Amino acid sequence: MNAGPLTPRALMSLLANGAKAMDVVEAALELGVLDALESAELTVAEMGARLGLVPGRLYKALDCLESLGLVRGRSAGDDPLLTRYAGVPGLKEAALAVAGPGALERDRDRYPWRVLHGRLPEVLRGTLSIPASDFGWPPDETQLAGFERSMAAGLGPFVETFRSHAPRLFGASSFRLLDVGGGDGTLAAALLASSPGLRADVFNLPAAEPLVHRTARDSGQEDRLGFVGGDFLTGPLPRGYDGMSLVRVLHDWPVSTARTLLEKAHRALEPGGLIMISEEFRTPERLAGQFFWSYFLIGVDACHSRLYDVDHYTRLLSETGFAEITVLPGPVELILAVCDKETGAATNDRGMDGE
Ligand SMILES: C[S@@+](CC[C@H](N)C(=O)[O-])C[C@H]1O[C@@H](n2cnc3c(N)ncnc32)[C@H](O)[C@@H]1O
1479 MNAGPLTPRA LMSLLANGAK AMDVVEAALE LGVLDALESA ELTVAEMGAR
1529 LGLVPGRLYK ALDCLESLGL VRGRSAGDDP LLTRYAGVPG LKEAALAVAG
1579 PGALERDRDR YPWRVLHGRL PEVLRGTLSI PASDFGWPPD ETQLAGFERS
1629 MAAGLGPFVE TFRSHAPRLF GASSFRLLDV GGGDGTLAAA LLASSPGLRA
1679 DVFNLPAAEP LVHRTARDSG QEDRLGFVGG DFLTGPLPRG YDGMSLVRVL
1729 HDWPVSTART LLEKAHRALE PGGLIMISEE FRTPERLAGQ FFWSYFLIGV
1779 DACHSRLYDV DHYTRLLSET GFAEITVLPG PVELILAVCD KETGAATNDR
1829 GMDGE
């Protein structure tokens, strides 16, 4: 059977049974069904025998997975036990990402989204919000450690992209990087581990200092990983760096704020300095992955979270005085650009806020 895109009616049926659908996925993961589906196209009878499962029950669970578009079945006549099933590519990896140990979805569930649940009409009419004491933006001192931990848990694809381009980014014999809004320093520490000529400072709100020091200690990078406390909304960015990275930072602010931040970076960098932007640039896949935050942040007005496409940033970069804009590929793209004081003259002279 060829699944094709789901109709709205089919999607709604699946959504209404979402908890049960995840129950099937989790059981299939636990029982080795997903491994079996990836290893060969087996009949239900063969899979049941291999895994010690009752074939007359297993085919119904496989029907559930097929209705989700996660497996494809090829019938051979009327007997459901002779239907051959194969998993779609990436099935087990995806199931592990959302239901395995360390799943991001589980981490997100810790946030107080239940404040909104069932009350979205009030939220959308503006009479109910997530209290800042539960989740503020930026997070307050009591919330920051938990938030940065959540962020660090999702850094894998960013580390991979940065590392795969490290020779181009930090290839010089010595390179000083400022990771602006750099969380608890997890990304910086991972980059230091694979780039010997690199030194990195994390720029973050002062409450993040002990978190970054702990990361530096735990990763054995105390000599090369530093911290600069500050507020990029109200103050300038520090000078003295060969490059600045902004990872999952710009998309949390209105476009005007993102632009001001890029102007501040431009002012702080020397001509030829590098700017690196990476975040989940907008695709249907990433928008789906962002579902939790899109939902939860409906109740947090201070956070303007939105996924933008790559072109949005290449435009902002060229408007704020950066040149040689290149989009580097990876699990998440990385936009690299060079500070060009010639083209940046107009923005530099405007005397932006905070300086
Ligand atoms: C979405 S997190 C991304 C963290 C990290 N770059 C990552 O990708 O895991 C945004 C970061 O910006 C920092 N941040 C938010 N507002 C800030 C401000 N006004 N000044 C400096 N840092 C800020 C947060 O503390 C947090 O570390």
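For what it's worth, our numbering labels the leading residue of the sequence shown as 1479, then goes sequentially.
Note that CB positions come from ideal geometry on N, CA and C, so glycine has one too.
Since the model is a prediction, treat every value here as computed from it, not as a measurement.
Contact between the region 1610-1627 and the region 1800-1815 is absent, with fewer than three C-beta pairs closer than 8 Å.
In this structure, residue 1559 places its C-beta atom within 7 Å of the C-beta atom of residue 1522.
Around the CB of residue 1538, fewer than 16 other CB atoms lie within 10 Å, so the residue is classed as exposed. When the beta-carbon positions are compared, residue 1655 and residue 1721 come within less than 7 Å of each other. Here residue 1654 carries a strand assignment [DSSP, helix/strand/coil]. Around residue 1636, the same chain offers 1665, 1725, 1756, 1810 as residues with beta carbons nearer than 7 Å, after the five sequence neighbours per side are excluded. Between ligand 1 and the CB of residue 1495, the shortest heavy atom gap is not smaller than 6 Å.
Rounded to whole angstroms, the gap between the alpha carbons of residue 1550 and residue 1580 is 28 Å. Ligand 1 has no heavy atom closer than 6 Å to the beta-carbon of residue 1487. The residue from 1533, 1564, 1527 with its alpha-carbon nearest to that of residue 1557 is 1533. Shown here for residue 1705: same chain residues with a beta carbon closer than 6 Å to its own, the five before and five after excluded, namely 1680, 1687, 1690 in chain order.
The criterion of a C-beta distance shorter than 7 Å is not satisfied by residue 1777 and residue 1611. Ligand 1 has a heavy atom closer than 6 Å to the beta-carbon of residue 1711. Excluding five sequence positions before and after residue 1711, none of the CB atoms of its chain fall closer than 6 Å to its own CB. Counting along the chain, residue 1526 sits inside the alpha helix (DSSP H) bounded by residues 1522-1529.
Boundaries cannot be given for residue 1760, as no alpha helix (DSSP H) includes it and DSSP labels it neither H nor E. In the DSSP assignment, the residues bridged to residue 1564 are 1550. Residue 1570 is positioned such that its CB atom lies no closer than 7 Å to that of residue 1622.
Across the structure, residue 1540 and residue 1552 are spaced so that their CA atoms are roughly 12 Å apart. When C-beta atoms of the region 1483-1493 are compared with those of the region 1517-1531, fewer than three pairs fall below 8 Å, so the two segments do not count as touching. Cβ contact annotation for residue 1796 (same chain, cutoff 7 Å, sequence separation greater than five): 1803, in chain order. For the pair of segments examined, the region 1771-1790 was found not to touch the region 1737-1748: the number of CB pairs separated by less than 8 Å stays below three. Where residue 1695 is concerned, the enclosing alpha helix (DSSP H) starts and stops at 1687-1696.
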